[in-house]
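Written out below as structure tokens is the structure these notes cover.
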Amino acid sequence: MDATILLLLLQDGVVNGAIYALIALSLVLVFTVTRVILIPQGEFVAYGALTLASLEAGTLPGTVPLLLGLGGLAFLADCAEGRHTLDGRTLLRLALRDLALPALVAAAAWILGPMKPGLLIEILVTLAIVTPMGGFLHAVAFRPLAHASVLVLLIASVGVHLALTGLGLVFFGAEGSRTPPLSEASFPAGPLLISGQSLWMIGLTLAIIVGLWLFFSRTLLGKALIATAVNRLGARLMGIAPSLAGRLSFSVAAFIGALSGVLIAPLTTVYYDTGFLIGLKGFVAAIIGGLASYPAAAAAAILVGIIESVASFEASAFKEVIVFMAIIPVLLWRSLRSAPIEDEE
Amino acid sequence: MTVPMLEAEAVSVAYGKVEAVRGVSLTVAPGRLVTVLGANGAGKTTLLNALMGVLPARGRIRFEGADLTRLPVEARVARGLSLIPERRELFSTMSVEDNLKLGAFRFRSQGGGGDLGEMYRLFPRLAERRRQQAGTLSGGERQMLAMARALMGRPRLLMLDEPSLGLAPLIVAEVMRTVARLRDEGVAILLVEQNARAALRIADHGYVLDGGRVVIEGDSRTLQGDARVIETYLGTLAADDAPPNRAASGR
Amino acid sequence: MPTRLTPTGILAGLTALLIVALPFLPGVPPFWLTLLTYAGLSAIVVTGLVVLTGVAGITSFGQAMFVGISAYATALLTTEGGLSPWLSLPVALLLSAAAAWVIGAITLRLSGHYLPLGTIAWNISFFYILGNTDALGRYDGLTGLPPIAILGHPILGGGEALLLTWGFLGVSLWLTHRLLRSRTGRAIRALKGGVVAAESFGVDTARVKIVAFVYAGLLAALSGWLYAHIQRAINPTPFGINAGIEYLLMAVIGGAGSIGGGVFGAVLVTVLKDQLQNVLPLVFGAQGNFEAIVFGVLLVLMLQRAPDGLWPLIVRRTVSAPPDRGSAAQPLAPRPAAAPGTVLLEAAHLRKTFGGLVAVNDIGFRVAAGEVVALIGPNGAGKSTTFNLVTGVARLTAGAVRLQGRDVTGLPARRIARLGCARTFQHVKLVAGMSVIENVALGAHLRGSAGPVRGALGLDAAEEAALFAEADRQLARVGLSACRDLPAGSLALGQQRIVEIARALCLGPQLLLLDEPAAGLRHQEKQALGDLLRRLRQEGLGILLVEHDMDFVMGLADRLVVMNFGAKLCEGAPASVRRDPAVVEAYLGSAA
């Protein structure tokens with residue numbers, strides 16, 4: 001391996017790592033706020049990529065009926081949850097959020113889809129389709145389990161993953177898809193040729209990170225999310241409902257997932273089940289970061305990206321093995337540091 | 001007797017098969033300071049948690065005429081109930097100022113929450129430490145922050161669970177003065193305390209819990225002289241043997 | 001052992017009968033025999049998961065890997081090595097067990113969610129290793145495995161494979177049943193009652209977790225060996241992460257809390273999956289992985305509506321019947337009491353800080369044989385922290401603890417238990433679903449020695465009888481014999497506290513540490529407790545109790561140590577302490 005190849009691999013690694021970083025950040029967010037280890041995060045990625053591909057092809061993506069269905073279920077779940085405080089105004093608000101909003105998005109997709117309105121509009125429609133699914137899923141699958149243990153939530157999370165992957169196959173078929181890049185441009189930088197696409201990816205990742213930072217440090221809603229993560233009871237006593245925090249964090253996760261999907265779709269062929277592995281690599285990063293720290297998770301994600309790209313060059317058949325085994329030393333280290341006896345109460 | 005603000009009727013709370021609170025009824029009138037006393041394990045904290053909705057309860061809880069019994073915590077907060085729990089439950093990794101801002105969360109869309117400047121005037125120590133993480137505060141400062149954070153939500157009824165816990169006597173006196181002043185400003189208060197003397201000195205009315213039931217009820221002056229209150233804390237032996245005037249004097 | 005007719009037992013018998021009869025019944029399609037064979041193979045793995053996840057509370061998504069290790073090992077040994085399957089079985093088992101031990105040693109000390117996530121990572125890696133290794137046939141796998149032969153007769157599928165599989169399943173269930181009710185099994189089950197409680201009775205919880213993990217790995221390996229030789233060709237797919245997830249799904253849907261639930265879940269999911277694969281494409285009019293959707297939704301609904309699985313809804317959950325009382329066995333020989341007046345416990349200059357907060361400041365006291373010392377003080381005075389420092393649950397910032405003159409500062413709780421020091425807990429830590437007598441018998445953990453192998457094979461009968469005779473004796477001593485076979489969680493809180501005392505006595509302690517034993521007790525129960533403690537004092541035990549109930553303490557303790565704000569307020573006989581104005585003030589609040 002000479003220096004040029006190494007640079008090339010590093011570039012590749014950083015670009016891939018940027019995606020893992022986005023996913024790791026959303027996993028940390030969801031875990032700290034809701035204690036859910038969001039295995040289906042990968043499905044949001046696949047849905048994002050495939051929905052965009054489907055819009056590109058001028059067809060109505062299968063995620064649209066899913067969005068409508070999930071919205072309907074969420075509406076029922078919300079009504080059941082709030083049955084003791086339900087009045088006309090609340091009902092109207094729920095109906096707007098769970099029924100009217102998805103209908104609006106569906107209408108937009110239905111009208112705009114065949115018109116082939118261009119990549120930017122299609123991306124926006126894609127994000128509008130996938131993002132609300134996060135909140136709906138939280139309301140339907142996870143809110144009723146709010147008091148369950150982390151392990152029960154994890155198993156439920158796997159259940160949601162199974163269902164969403166199966167649905168992905170139904171909607172998008174077993175064929176993979178690829179979308180055109182966001183930019184065809186490329187810029188020479190020394191021995192490297194930096195593509196416009198990778199600049200987009202790194203730029204958007206940075207933008208998201210800055211956006212998240214502003215959200216958490218400047219807005220009361222963002223602070224409410226952190227507060228829920230820091231002290232759930234304390235947050236409830238301030239009137240911050242865990243369901244609000246949960247819905248919000250899930251929606252952020254779905255948005256980031258869909259955006260990641262949109263970003264990788266031009267680089268690699270995405271299949272209905274591709275998301276799982278991508279999501280798990282985000283996990284590897286999040287675990288290395290301890291599932292608690294955003295900067296540590298982001299840094300670990302870049303590292304995972306680089307390990308992966310070097311591994312795929314040196315031993316391509318074992319690249320997945322090498323990436324997933326990277327957590328062993330981390331687990332070992334944590335295991336040696338952790339207190340031996342502790343009751344989880 | 002004015003119309004009660006908070007009215008609990010035969011409230012019971014069970015942990016599995018164990019009943020920690022058994023059929024407790026109490027009322028808090030607007031602008032009054034009511035204290036709930038009792039020994040360890042008498043069910044005081046459980047009662048407050050049930051009133052706040054942190055724990056599910058049987059019986060009936062009404063607040064300003066509306067039935068709260070099945071409402072979640074957040075809905076009770078929205079109606080103006082507030083609880084400062086025994087463990088304070090601060091956001092320890094966030095700044096003092098962020099803690100205070102979150103106290104007004106229930107007003108986020110319509111405005112009208114407490115005023116930061118007002119809180120800093122009320123608790124000057126917090127102003128000095130506004131950028132500091134809440135977790136780094138001393139015990140007394142934490143209690144101040146917990147109270148200020150609750151006041152940011154402009155509660156109509158404030159419930160405090162053992163505000164004196166773990167605080168040095170001087171600070172206890174300060175906390176109690178603040179509680180009394182809040183009452184004078186019109187906030188109804190339900191105070192759970194094990195520091196019986198301090199609580200009875202500022203309270204208008206009191207209840208004594210034992211084994212999850214109300215065993216004594218009366219205005220605070222009467223309770224201050226009631227030998228049975230002493231008994232709850234020191235046991236019958238002590239009450240019999242200790243010089244009664246000394247143990248019972250409230251001064 | 002006397003056998004009793006329990007609903008579960010009857011059901012097990014009927015199932016066995018049905019399975020044995022099935023191959024001989026006319027008109028049973030061979031397809032169903034094969035399907036049930038697969039169900040049996042899964043059930044063996046899931047039985048391991050019941051021990052691991054349902055009983056020990058350790059979630060693994062990676063059991064398919066242990067199945068695969070064994071399957072590939074036996075495939076190589078029998079094709080390349082030319083061994084008979086019967087000879088390769090022990091090797092395959094050993095290899096899986098070794099893998100489980102290594103993985104367990106690395107991750108089992110981690111709390112919560114790291115282990116399940118780790119198992120996912122491992123299982124995925126394992127799949128790609130299989131698929132990319134030439135010697136393992138890459139994604140095509142290995143073929144040409146010999147069938148298992150019994151007395152020279154090869155088992156080639158159909159009814160014979162069904163009987164073989166379910167035969168092995170039966171053996172697995174029997175071993176598991178034995179294991180769970182043995183000394184090691186009680187230790188595994190005690191993990192649910194909290195690690196601290198188990199450690200306080202000398203259980204090495206880290207080791208117990210590894211035992212559960214290795215046991216689950218062994219059952220998975222057995223299933224893999226059977227699978228390889230029934231299928232006679234293997235490839236990576238059945239050992240991937242999806243299979244691992246499916247095993248857990250079976251356990252959760254059936255009910256991971258009981259052996260029956262595991263088997264039920266395995267059969268249900270296997271059959272359901274097959275049926276859904278046939279039916280759903282017709283319903284949806286398209287090809288797809290519909291059963292995954294159904295299972296995913298089912299899993300979430302199960303967790304929301306019936307978190308304990310379907311089995312408890314079918315068979316009312318019964319506590320596993322402990323051995324009968326009144327067996328001829330002698331209780332364990334009582335340990336000699338220390339000579340009266342011997343200093344058993346000496347705490348000197350104890351100090352504990354949490355961050356900047358001083359919770360316990362320079363506390364010192366002694367407890368001698370034949371005396372009751374009470375540690376009292378108002379809420380937040382630092383009593384419980386002091387107690388945890390003495391018992392090795394919390395780490396001292398400074399100071400020293402000596403037990404019978406021996407320095408135990410910094411020793412973990414289970415080492416302190418070995419020195420004849422037993423305790424109870426302020427927040428009762430019993431295993432709610434386990435019978436009272438088994439909870440009490442856990443106290444005698446250190447007085448037995450049978451390991452998992454002796455337990456599973458039933459070679460521990462004499463020792464078990466002695467342990468239970470001792471447990472019965474202590475339960476009778478505290479007057480709760482009537483509750484012997486009830487689940488501990490069904491008792492009133494006061495009774496549960498007394499059960500904890502019986503459990504502590506089972507350790508054969510010289511020093512008894514009681515954390516608020518009278519809290520939640522009714523008046524008469526308090527009196528009975530007081531009488532019991534007086535008797536124990538007479539027998540030469542040293543007793544330290546943390547109490548808030550002054551009444552109870554005054555009539556019982558020889559000496560009181562009063563704490564406030566983490567420091568010692570005063571020490572002395574009850575009569576002098578209760579007249580101390582500082583104490584009155586500490587309890588009633590300052591009069592200033």
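Chains as they are written, first to last, in the UniProt record's numbering: chain A, 1 to 345; chain B, 1 to 251; chain C, 1 to 592. Virtual Cβ for every residue (Gly too), placed ideally from N, Cα, C.
Self-check item: Between the CA atoms of B:Arg201 and B:Arg251 - distance to the nearest angstrom
Solution: Low confidence applies here, because B:Arg251 scores a pLDDT of 32, under 50, leaving its location unreliable and the question unanswered by this model.
Quiz item: By the criterion of Cβ-Cβ separation under 8 angstroms, what are the contact partners of C:Ser125 in chain A?
Solution: Glu320, Val321, Phe324, Met325
Quiz item: Does the beta carbon of A:Val230 come closer than 7 angstroms to any beta carbon on chain B?
Solution: yes
Self-check item: Closer than 8 angstroms at the beta carbon, the chain A residues around B:Met94
Solution: Lys223, Ile226, Ala227, Val230
Quiz item: Hey, out of B:Pro72, B:Arg149, B:Arg76, whose CA is closest to B:Gly65's CA?
Solution: B:Arg76
Quiz item: Of the choices B:Ala42, B:Val229, B:Gly212, whose alpha-carbon is the least far from that of B:Arg197?
Solution: B:Val229
Practice problem: Return no unless some Cβ of chain A is closer than 7 angstroms to the Cβ of residue 258 of chain B. | Solution: Outside the shown range of chain B, which is 1 to 251, sits residue 258 of chain B, and nothing can be said about it.
Practice problem: Would you give the residue range spanned by the alpha helix (DSSP H) that C:Ala466 belongs to? | Solution: 461–477
Quiz item: Taking Cβ positions only, does C:Leu299 come closer than 7 angstroms to chain A?
Solution: yes
Quiz item: Using the beta-carbon of each residue, which ones in chain B are nearer than 7 angstroms to C:Pro378?
Solution: Gln194
Quiz item: If you draw a straight line from the alpha carbon of C:Thr34 to that of C:Asn132, how long is it in whole angstroms?
Solution: 30 angstroms
Quiz prompt | Touching by the beta-carbon criterion (3+ pairs, under 8 angstroms), the region 352–368 of chain C and the region 525–532 of chain C | solution = no
Quiz item: First and last residue of the beta strand (DSSP E) that includes A:Met201?
Solution: Premise fails: A:Met201 lies in the alpha helix (DSSP H), 196–218, not in any beta strand (DSSP E).
Quiz item: From A:Gly69, A:Glu81, A:Gly71, pick the residue whose C-alpha is nearest to that of B:Pro72; which is it?
Solution: A:Glu81
Quiz item: In chain order, what residues of the region 88–120 of chain B put their CB closer than 7 angstroms to some CB of chain A?
Solution: Glu89, Leu90, Phe91, Ser92, Thr93, Met94, Asp98, Lys101, Leu102, Gly103, Phe105, Arg106, Arg108
Exercise. Tell me B:Pro124's beta-bridge partners as DSSP assigns them.
Key: B:Pro124 is not bridged to any residue.
Self-check item: C:Pro312 versus B:Arg149 - alpha carbon distance
Solution: 46 angstroms
Exercise. Following the continuous alpha helix (DSSP H) through C:Cys421, name the residue where it begins and the one where it ends.
Key: It is not in any alpha helix (DSSP H) - C:Cys421 instead sits in the beta strand (DSSP E) that spans 421–423.
Quiz item: Is the shortest distance between the beta-carbon of A:Ala156 and the beta-carbons of chain C less than 7 angstroms?
Solution: yes
Quiz item: So with Cβ pairs under 7 angstroms, would you call A:His84 a contact of chain B?
Solution: yes
Practice problem: Please name the residue in A:Leu212, A:Ile194, A:Arg334 whose C-alpha comes closest to that of A:Leu287. | Solution: It should be noted that the sequence gives Ile, not Leu, for residue 287 of chain A. When only C-alpha atoms are compared, the closest one is A:Arg334.
Quiz item: Residue range of the beta strand (DSSP E) that residue 609 of chain C falls in?
Solution: Here chain C covers residues 1 to 592 and nothing more, so residue 609 of chain C does not appear.
Quiz item: In chain C, which residues lie less than 7 angstroms from B:Val175 when you measure between Cβ atoms?
Solution: Per Cβ cutoff of 7 angstroms: no residues; B:Val175 is ~12 angstroms from chain C at best.
Self-check item: Extent of the continuous beta strand (DSSP E) run through A:Ala265
Solution: Unbroken run through A:Ala265: none, as it is neither H nor E.
Self-check item: CB contact check: A:Gly239 to chain B, cutoff 7 angstroms
Solution: yes
Self-check item: In DSSP terms, what C:Cys570 is bridged to
Solution: C:Val562
Quiz item: In three-state DSSP terms, what is A:Glu308?
Solution: helix
Quiz prompt | Residue of C:Gln275, C:Gln474, C:Ile150, C:Asp362 minimising C-alpha distance to C:Pro334 | solution = C:Gln474
Practice problem: Name the residue from B:Arg156, B:Arg154, B:Gly139 whose alpha carbon lies nearest to the alpha carbon of B:Val172. | Solution: B:Gly139
Self-check item: Cβ neighbours of C:Arg454 in the same chain (closer than 6 angstroms, five flanking residues each side left out)
Solution: Asp460
Exercise. Kindly list the residues whose CB is nearer than 7 angstroms to the CB of C:Ala251, restricted to its own chain and excluding five residues on each side of it in sequence; keep chain order.
Key: Val46, Leu49, Val50, Thr53, Gly54, Gly262, Gly265
Practice problem: Tell me whether the beta-carbon of C:Glu525 lies closer than 7 angstroms to the beta-carbon of C:Gly494. | Solution: yes
Quiz item: Is the beta carbon of A:Ile264 less than 7 angstroms from the beta carbon of A:Ile19?
Solution: yes
Self-check item: 6 angstroms CB neighbourhood of C:Ala369 in its chain, flanking five on each side removed
Solution: Ala338, Pro340, Thr342, Leu344, Gly540, Gly542
Exercise. Find out if the Cβ-Cβ distance for the pair C:Lys192, C:Val431 is shorter than 7 angstroms.
Key: yes
Quiz item: According to DSSP, what are the bridge partners of C:Ile376?
Solution: C:Glu547, C:Val562
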